[in-house]
Structures are given as C-alpha cells and as structure tokens.
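Numbering (this note's numbering), first residue to last: 40 to 261.
Glycine included, every Cβ here is placed at the ideal spot set by N, Cα and C.
Reviewing the structure listed below.
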Amino acid sequence: RLGRFTADDFDTDVYTVPINYTYALDSDPRKAVIIDAPLTYIDNNGSDTYNGSLGVGFRIPLMRNWDVTPMARVGAVGSQDLGSVAAIYSLSATSSYRIHLDDVALTIGNMLAQYWTTSISAGDYDIDYDLQNTVLRNGIGVEGSLPFKVFGGEGTSWQLSLVDTLFFGDDLYVEYNNDIALSIGRRQRPGDPSWKNWRLGITGTWGEHDYKGARLNFGYRF
C-alpha cells in the first residue's frame, strides 16, 4: 500500500507491506487462524518513522454469511528524527456480514478495538505517552462482476466501499476520518479457496483538520 496524506501543514507518505497468513481448519474452512504482521515506513515532512506489529486472531462463523474475528495485537512505533518511541497493544473484534443478491454481493463490516500505548526504551529515548483509545469502524461494501476474465479465464469483479472511523478516549489530532475505495480483482464466490485472490485499487480519505489523502493498494494472496 502506497499512501499520501496531508493535515494542515503536514505532508505524510506511508508505505506498508501488509503481511497476512490465514490457516483454515480442515473440520470447517470457515474457521481460521489469522496472523497479521504489517510493516510500515512513514515519511512525515522528512522525518522517518517505523511501525511494526503482530496480530493473532480467530475467525468464528456465527451464521452462513456472518463471521466474527477477535484479535490481539502487539507492536512498536518509533522515530529517531521525532525523538519518540512507544509500544502499542490492542484487542479488537471484527464482524463481517454478507448478503448475495443475484450477481451483486453486499458486505457490512464493523470493528470495535481498544488500543493502549506504553513506554519502551530505545537508546536515549524513554517517553511514556500513556494513551488509551477506543476505535470504532463501520463500513459497507458492494461487489459485482466485470465482463472480462484474466489469468487463464478467472472471473473478475469491481468493489466499492465506504468506511467511517471514530476515535474515543485520549485526545488525538485527527479523531475521525472516512474512506472511500474502488478496486478490481478476482471474483471470489462462496466456497472458493482464499488463495489466488488479487485486487488492485485506490482509496480516498478525508477527516477533520483538513485531513485528506489517497492510497494505492495492491494485494495478492497465494
């Protein structure tokens, strides 16, 4: 993921490698262990920041078209240029409900997460921000087929989604933002394997304090 964001006089470039592994259980492929370990580099007006985390979750099917994924995560973020470093912990629960209407698929997604930061020592830096925030994300996505096939006859689709994100708790500079995303990729039907699933898209973001940006996304699951 490649992103460019601005807020007031700050310009930020964000580069993320979204590493993710899903292990479906043989007894029920809808149940799966999810390991998520994104690595991010941020250039904020020439200051370098690095962020990495490891999340472990378990996807639980509640109904045929509805699953919930609780996840625990630990990570660290730091910048020598900005003189800051912190450990970040989080607990989250994500719900995904899918409705299929002929050729169109509708997905309703919700996430509730709690984040904490604690101090860690890195060289001469030992700063305790002691932040506690609740994050609420609600979104809706629509997917439909495209009239062409690629990669040996695989069906393709378009996806359009809108997501609202709210932050509660300790004061943050940007406490709400919205994303609108459009992508194309392999059409994944119910029961299809999760591998060989690729998508290419663009996301627009806006929020308070004139926060806005764009992100280019490409993913391939194998």
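Sort out for me which residues DSSP pairs residue i with in a bridge.
{"i": "V174", "result": "A152 and F206"}
{"i": "G42", "result": "V53 and R254"}
{"i": "I277", "result": "For residue 277 there is no data in the structure shown, the boundaries of the chain being 40 and 261."}
{"i": "A144", "result": "H139 and E182"}
Would you call residue i buried or exposed, if buried means 16 or more other Cβ atoms sit within 10 Å of its Cβ?
{"i": "M102", "result": "exposed"}
{"i": "S66", "result": "exposed"}
{"i": "T157", "result": "exposed"}
{"i": "A253", "result": "exposed"}
{"i": "I138", "result": "exposed"}
{"i": "V124", "result": "buried"}
{"i": "A144", "result": "buried"}
{"i": "G122", "result": "exposed"}
{"i": "A71", "result": "buried"}
Name the residue from the options whose alpha carbon lies nearest to the alpha carbon of residue i.
{"i": "F190", "options": "V95, W105, A125 and W237", "result": "W237"}
{"i": "Y212", "options": "G117, N172, L41 and D120", "result": "N172"}
{"i": "T61", "options": "I241, R226 and G94", "result": "G94"}
{"i": "P100", "options": "G180, G117, I74 and Y136", "result": "Y136"}
{"i": "L130", "options": "H139, I138, T108 and G122", "result": "T108"}
{"i": "L221", "options": "D203, V202, I241 and I81", "result": "I241"}
{"i": "F97", "options": "N149, V181, G42 and D75", "result": "D75"}
{"i": "Q153", "options": "A111, L140, N177 and I147", "result": "A111"}
{"i": "T168", "options": "K235, W105, L175 and V116", "result": "Per the sequence presented here, residue 168 reads as Tyr, with Thr not at that position. Nearest C-alpha to Y168: V116."}
If I measure Cβ to Cβ from residue i and keep anything under 7 angstroms in the same chain, skipping five residues before and after, which residues do I get?
{"i": "P77", "result": "T55, V56, P57, I58 and S92"}
{"i": "W245", "result": "N216, N217 and K251"}
{"i": "S184", "result": "D142, G194, S196 and R226"}
{"i": "D47", "result": "H248 and D249"}
Is residue i close to chain B, meaning its C-beta is less than 8 angstroms from at least one C-beta of that chain?
{"i": "R137", "result": "Structure shown: chain B not included; a single protein chain is present."}
Can you list, in chain order, the residues of its chain whose CB lies under 8 angstroms from that of residue i, leaving out five sequence neighbours each side?
{"i": "F49", "result": "N83 and N84"}
Got a sec? Which residues, its chain only, sit under 6 angstroms from residue i by beta carbon, not counting five neighbours each side?
{"i": "R69", "result": "P100"}
{"i": "E182", "result": "A144, S196 and Q198"}
{"i": "F44", "result": "T51 and G252"}
Under 8 angstroms, do residue i and residue j count as touching if we go by C-beta distance?
{"i": "D209", "j": "L170", "result": "yes"}
{"i": "D87", "j": "D120", "result": "yes"}
{"i": "L255", "j": "L41", "result": "yes"}
{"i": "A126", "j": "I81", "result": "no"}
{"i": "G180", "j": "S200", "result": "yes"}
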